[in-house]
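6 protein chains.
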Amino acid sequence: MMTDHKPDPALLARAETLVEALPYMQRYAGSTFVVKYGGHAMGDADAAEDFAEDVVLLKAVGINPIVVHGGGPQIGAALKAQGIESRFIDGLRVTDAATMKVAEMVLSGAINKEIVSWIQAEGGRAVGISGKDGRLVTATKIQGPHDLGLVGEPDDIDTRLLDTISRAGMIPVVAPIGGGADGQTYPINAANFAGALPLATGAERLFLLTDVAGVLDKEKRLLTDLTPPQIAGLKADGTIYGGMIPKLQTCIDAVEGGVDAAVILDGRVPHAMLVEIFTKAGAGTLVRAA
Amino acid sequence: MMTDHKPDPALLARAETLVEALPYMQRYAGSTFVVKYGGHAMGDADAAEDFAEDVVLLKAVGINPIVVHGGGPQIGAALKAQGIESRFIDGLRVTDAATMKVAEMVLSGAINKEIVSWIQAEGGRAVGISGKDGRLVTATKIQGPHDLGLVGEPDDIDTRLLDTISRAGMIPVVAPIGGGADGQTYPINAANFAGALPLATGAERLFLLTDVAGVLDKEKRLLTDLTPPQIAGLKADGTIYGGMIPKLQTCIDAVEGGVDAAVILDGRVPHAMLVEIFTKAGAGTLVRAA
Amino acid sequence: MMTDHKPDPALLARAETLVEALPYMQRYAGSTFVVKYGGHAMGDADAAEDFAEDVVLLKAVGINPIVVHGGGPQIGAALKAQGIESRFIDGLRVTDAATMKVAEMVLSGAINKEIVSWIQAEGGRAVGISGKDGRLVTATKIQGPHDLGLVGEPDDIDTRLLDTISRAGMIPVVAPIGGGADGQTYPINAANFAGALPLATGAERLFLLTDVAGVLDKEKRLLTDLTPPQIAGLKADGTIYGGMIPKLQTCIDAVEGGVDAAVILDGRVPHAMLVEIFTKAGAGTLVRAA
Amino acid sequence: MMTDHKPDPALLARAETLVEALPYMQRYAGSTFVVKYGGHAMGDADAAEDFAEDVVLLKAVGINPIVVHGGGPQIGAALKAQGIESRFIDGLRVTDAATMKVAEMVLSGAINKEIVSWIQAEGGRAVGISGKDGRLVTATKIQGPHDLGLVGEPDDIDTRLLDTISRAGMIPVVAPIGGGADGQTYPINAANFAGALPLATGAERLFLLTDVAGVLDKEKRLLTDLTPPQIAGLKADGTIYGGMIPKLQTCIDAVEGGVDAAVILDGRVPHAMLVEIFTKAGAGTLVRAA
Amino acid sequence: MMTDHKPDPALLARAETLVEALPYMQRYAGSTFVVKYGGHAMGDADAAEDFAEDVVLLKAVGINPIVVHGGGPQIGAALKAQGIESRFIDGLRVTDAATMKVAEMVLSGAINKEIVSWIQAEGGRAVGISGKDGRLVTATKIQGPHDLGLVGEPDDIDTRLLDTISRAGMIPVVAPIGGGADGQTYPINAANFAGALPLATGAERLFLLTDVAGVLDKEKRLLTDLTPPQIAGLKADGTIYGGMIPKLQTCIDAVEGGVDAAVILDGRVPHAMLVEIFTKAGAGTLVRAA
Amino acid sequence: MMTDHKPDPALLARAETLVEALPYMQRYAGSTFVVKYGGHAMGDADAAEDFAEDVVLLKAVGINPIVVHGGGPQIGAALKAQGIESRFIDGLRVTDAATMKVAEMVLSGAINKEIVSWIQAEGGRAVGISGKDGRLVTATKIQGPHDLGLVGEPDDIDTRLLDTISRAGMIPVVAPIGGGADGQTYPINAANFAGALPLATGAERLFLLTDVAGVLDKEKRLLTDLTPPQIAGLKADGTIYGGMIPKLQTCIDAVEGGVDAAVILDGRVPHAMLVEIFTKAGAGTLVRAA
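Order-wise, the sequence lines are chains A, B, C, D, E and F. When you line the first sequence up against our numbering, it's residues 1 to 290, in that order. When you line the second sequence up against our numbering, it's residues 1001 to 1290, in that order. When you line the third sequence up against our numbering, it's residues 2001 to 2290, in that order. When you line the fourth sequence up against our numbering, it's residues 3001 to 3290, in that order. When you line the fifth sequence up against our numbering, it's residues 4001 to 4290, in that order. When you line the sixth sequence up against our numbering, it's residues 5001 to 5290, in that order.
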């Protein structure tokens, strides 16, 4: 392998990569990171494995990840398979009792446990729960101009179960569902759900894994750092629009509530989270207080 | 309400009931009870409420209940709704990948979370998990004369997650699913699953809540106490047959493995568990070592 | 016992009684209750057993009871038996050194240990102490128009011993005696003594078990709920008078100091405490902040 | 006070005394010492103060003392004062229910709390209990040729309460009374009672404070060290006789049960315990395994 | 040893000395004492043994001593032995890199470990560290009219390592060296170093062991108690001058920062610390807030 | 940085390196590794930084490293600088009192603290101690045909201080010196010293960082895996000789005592430890039980 003490350059490069990650490990040891993992990214087995490796690595270096997942496409497919038709208002699905039951079953029974399996496969110890478990998220019916039925938003967060799981060396994986004080079950938009956790858990970072590269300027170049005022400007001039607006609002809310940074990342890029966390390069768009 | 010190007889009777339960509370304080709740009993809202009250009361008096549920009828209905046909061998459903996915979704995503909701409604703090979570149950494919597909049996139990939840003052509700060392997901017969927990958790009692009154003799009278040798005799003379045989085998295994007692109870009887635990009368059929 | 699933109505009623107590168990789990048990009620073996059962039941469902007892009649009898004559001023016994020694001996050596025996007989683990033990109550000589000798009042409370005993799963039973900073031993009026504990221990309830039904209105009907202003009114119009006045003052002090509620209960009524705590009906007179 | 660095010889001598005690402090830090304090020595206020100082000093240097006291003379006086006559068999008092009640009252209510006061006066935190408290000593009626009535012997020791008190930085003071499984209260000979504690508590030393100098040889010289075989010899030749025989038997039982040493000390000698523990000289008669 | 119960007067005197120390043990139990031990006093083996005994005795009675040592003379000798010449400015040695290395080696490698050996010889468990270890003291280069080179002053104190050692029943012995945020190593004046610890550790006392008797008045009589205003007066009238001024400033800083008292003691006087701590007489000059 | 979701290949490679290390992090989390760092490798600042990074990285991923260092060359230089001449027997230096003092000063005061500084510079929290501290290593004079003076070998290991430091999140750095029961200080060969720690601490790995590539065969190719029998063979045929023999003996002792593996590594190779621990490739010669 070596004569005298000339090391194999490839091995040396690998060791140096570990060493370069060291300052980030030290900085984040003991921190909590909330990671929102979108339903769109779930079809790809390689991406799933990459994502699970990232989460397990965070745990191994002393960070406490909390995974929140979505599942919109899968719920749509299941409704279709069962012949349940949906009514839409302004493009939003109205959720009646039957739809809610399918949504819960898909989120808590299929996607949630699939992510658990991925994480276990990488040597982690995941625990799949929903916001109903341990009274984690008390939800109220979302209010608005139109009645969307059984759609909730987080009203009260009790982090005891999350803390218990994390302290036991395990990784919570959370389906975005809350229990109402009225006993009703409410599906919640996954980004809303994830956005409510950092403040309650004292998390230092919020990651939104999506299927876009991040916020792009008008020339389609990635904007790597933004502050709330800059976002307001980009919204005003039309650079930001559509589905990116609520994502950025979730980031702004988190940052203004005290979280260090919220990051919109491309979940399709292999190990985007590791690159973002453990290298100077970063990835995606990071939102930080002005 | 009273003149001088003559108490209201109705209130006095209620106080005395509490006092009569005291010796049982003292005897079981700190114990773990595994409760298997069958899918057959789940349609009835009143029975559900009664069951949840029983579980929450156990927790309130210092017992740690672990609920394991089944879901056969609901899985059958879901398969039918999705138009998935099943092949049967000797009356047992062959479980292919699609069937397994439906089974997991129904068990972990529908029934599990419904029981969680019931328990929360009674003021408890339930946590719905499956045997995959926290690597609770490592399963292997069940062996037998015929290949039933993805049906597992418990191979290794790691109780860390159950202990963590119970010590945090919460109630674990467990769907009977295990993760294989091969990464595969295996549904497991709920009674088998529940029967594997007492030895691993050091539980003192195993309750099998079913939809029969217990073991009946040939005159259809309830047999309230049985030992393994007596069961062997009743099996030999045909008093016990059919679905009761595996239930009793689960009891025998638990008792021979060190559990104090295993009880077959009628889950349709309101508060059957409370009667069994907190009164001299008892309920159902209790199996104890000879 | 049953055919099919029709339960025995008597057993069902008992189970339902337990279930009705559940919300109260949940509400008071982890709370501390101070219970003053008067010397007048101590002659009756049945009442003693009832009282002990009540205390042990509280402990079994997660409440921490602290029992404070009196002993006036027993001290009088012991003084008489030993031929020690007492001088009275305005009906109050002057306590010289010999009288104090008899009082301490009767309170700490007879009544205290008798209550301990009762509680042990019901399966509890009682620890009989006085306010001198562990420096629980530092007393000063009571001041007033006449010198009553060695009669004290609580000056400083150090709850460390009570906390230690309660956390060890045991039940403190306390004789109303304090040690002075001067090394002197001072008997203290039991209601005064009990009234000083809730604020120091953070107790949520104070119970005064007496030999009257509670506060009665002019038609001798029980007044079940009172506030300090209402009490002032009843005192002004003569409805409340005599020995009830200091009892109510103890309740007012406790409530104004932050305790949720203070209750005057008839200790002769079997299980009055359980009825008060675990049913909607309640018993006796409850004093709550206006 | 000093010029240059010549110290005051008196102060220096005091410092050196502390230093000479250091090896003994190190050797016994964390140990438990059971100290039996006889009723005979209790009349003398100076001796009481000395004894209390010794006990508090042990606690201050990290030893856990457990004080067990007697009270024979005081019980006799109280019986006489109340006109209760005693029947004697072979010089032993027959204990009927009335006698037992007086004995408990004197032991638990008078002597026990007086010792507590002494210890508090020296800055210690004492907790006066009897063997009934916390189910410390379960007693059975003593068996013998004659029925002595309600006299017990220790049958089972549960040290949880002692451990709880000691770990809380407090000093248990124990009246020699046990509770029977039958609910009966049994006074126990104080030396018997004390002798049962070392094995149960893992104590390293047992001290019997008496009103004799120790074991004397035929020339009335103190024998400072004895082994069980030597004691057998001295008993055979009549050097040891009378009340010294049960005292030595208690020592032999303790030593043969695993205690390092049992010491018979003269409680009338000021600070005899300190001299025994913290100097090479020792005091009294020390019994050690052969 | 004794006839009847007349004690040996010499032994009794020793016991009484222990008892007289008791109030001081009680008062200081659980406290932290910072002890600065000067390099001048280190040549004398007897004094070293006395000092070590004092420190170990403090630990044995529940006080947590933290020893900080100097080493000026020994550093001078080592520099001379290695032929390293020093430049002096206003009598202060300029510390270049070579000098610093010798200083660290002598302080951390010779004196520090010698004190550790002394303390172990008396049965203590010492841990020799410097301010660099565990980031205990972050230092900055001392500022002043002249550049003295690598001489530091404490800038930030992180007491975690001291707490860890003390709680483990061990005695920290600290060389006065700090690590700069710049990675540089800085020797620090031992009195400055010791003076910075009490506030950070919550110590109740600071002892400066020197080679003078304390503060003397103009008639060379020891001043046993001083307040900051009195010190100001004595400085103004020339009673205090020279090397005593920085020592007293260290005391004033400690006292004004919240420490109970700071004491200048003659380290050459045998057991001066014990006399100061455990007798009414005291020793040296004690500085207390006005 | 990216268009669409094509990642920067360099960043991806770095992320993948972290992921490849994950199984090793999981396998060794919570383990203790003893690392012997030789004095020969200490002159090179780059190597020092690499070594410190490796140690801090181990700690960051949950491994507890214990660093033991040598210092032969530095001691020789210091003796020479101080003009202390050494006598040699068979090439071994005879250690008189003066030599021992220089050795301790260099080891504990110079090298030890330099390694501490390196580790702090990489963000770790190091604590530099010697085997004397906390009575970690009790040494006895080494026995042999010639009297080598004050040279010791480990006789008894008390790991309490090491455990305390590691549990506090800090990294112990240990100079190879022991304290004799006779109060004498004994330098110990660093490999001997390090070799004694794994069994006492329950370490899973022992690393000997040297200035050779590992064990070479006769063709100078590195032998990457050896068992004790293989080593015996290589010694017999002369492949292994000289200074490698005691190094391998240390490995054999450790492995036969229960350690998983002992590794001889080239400390001059950058990050050799990381390569060995976190890649499949390995580095140096690993000794494992046959």
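Beta carbons are placed, not taken as given, at the ideal position from N, Cα and C, and that holds for glycine.
Residue i, buried or exposed, once every other Cβ within 10 Å from all chains shown has been counted against 16
i	result
T5003(F)	The predicted model places T5003(F) with a pLDDT of 44, which falls under 50 and marks its position as unreliable; any figure quoted below should be read in that light. So T5003(F) counts as exposed.
Y5241(F)	exposed
Q5143(F)	exposed
P1172(B)	buried
P3009(D)	exposed
I252(A)	buried
G179(A)	buried
E256(A)	exposed
R5167(F)	exposed
G1134(B)	buried
E1219(B)	exposed
T3017(D)	buried
A3213(D)	buried
Where residue i sits in the DSSP three-state scheme
i	result
I4277(E)	helix
V4287(E)	strand
A2181(C)	coil
D2984(D)	Any property of residue 2984(D) remains undetermined from this structure, which presents chain D solely from 3001 to 3290.
D2090(C)	coil
L208(A)	strand
A2203(C)	coil
I5252(F)	helix
Ordered list of alpha helix (DSSP H) runs contained in the segment 3105 to 3175 of chain D, each at least 4 residues
3112 to 3121, 3160 to 3167
Does the segment 4136 to 4143 of chain E come close enough to the segment 4080 to 4088 of chain E to have 3 or more Cβ pairs within less than 8 Å?
no
Counting Cβ pairs, one atom from each stretch, are 3 or more of them under 8 Å apart for the segment 3111 to 3128 of chain D and the segment 2188 to 2201 of chain C?
no
Tell me, please, whether the segment 2206 to 2215 of chain C touches the segment 2149 to 2167 of chain C by the rule of three or more beta-carbon pairs shorter than 8 Å.
no
Are at least three pairs of beta-carbons, each pair with one atom in the segment 146 to 153 of chain A and one in the segment 54 to 73 of chain A, less than 8 Å apart?
no
Pick out the complete beta strand (DSSP E) segments inside the segment 6 to 81 of chain A, 3 residues or longer, and give them in chain order.
32 to 37, 64 to 69
Name, going along the chain, the residues of the segment 2249 to 2281 of chain C whose beta-carbon falls closer than 9 Å to a beta-carbon of chain B.
D2266, G2267, R2268, V2269, P2270, H2271, A2272, M2273, L2274, V2275, F2278, T2279, A2281
So does the segment 2231 to 2249 of chain C actually touch the segment 2275 to 2283 of chain C, counting three or more Cβ pairs closer than 8 Å?
no
If the cut-off is 8 Å on Cβ atoms, which residues from the segment 107 to 123 of chain A count as contacting chain B, listed in chain order?
L107, S108, G109, A110, N112, K113, V116, S117, Q120, A121
Counting only Cβ-Cβ distances shorter than 8 Å, please list the residues of the segment 1127 to 1145 of chain B near chain A, keeping chain order.
V1127, G1128, I1129, S1130, K1132, D1133, G1134, R1135
Could you run through the segment 1164 to 1176 of chain B and flag, in chain order, every residue whose CB is less than 9 Å away from some CB of chain A?
T1164, I1165, R1167, A1168, G1169, M1170, V1173, A1175
Taking only beta carbons into account, state which residues of the segment 5092 to 5107 of chain F come closer than 8 Å to chain E, listed in chain order.
K5101, E5104, M5105, V5106, L5107
Chain C contacts from the segment 1060 to 1090 of chain B (Cβ-Cβ distance under 9 Å)
A1060, V1061, G1062
Proximal residues, the segment 232 to 248 of chain A versus chain F, C-beta separation under 8 Å
none
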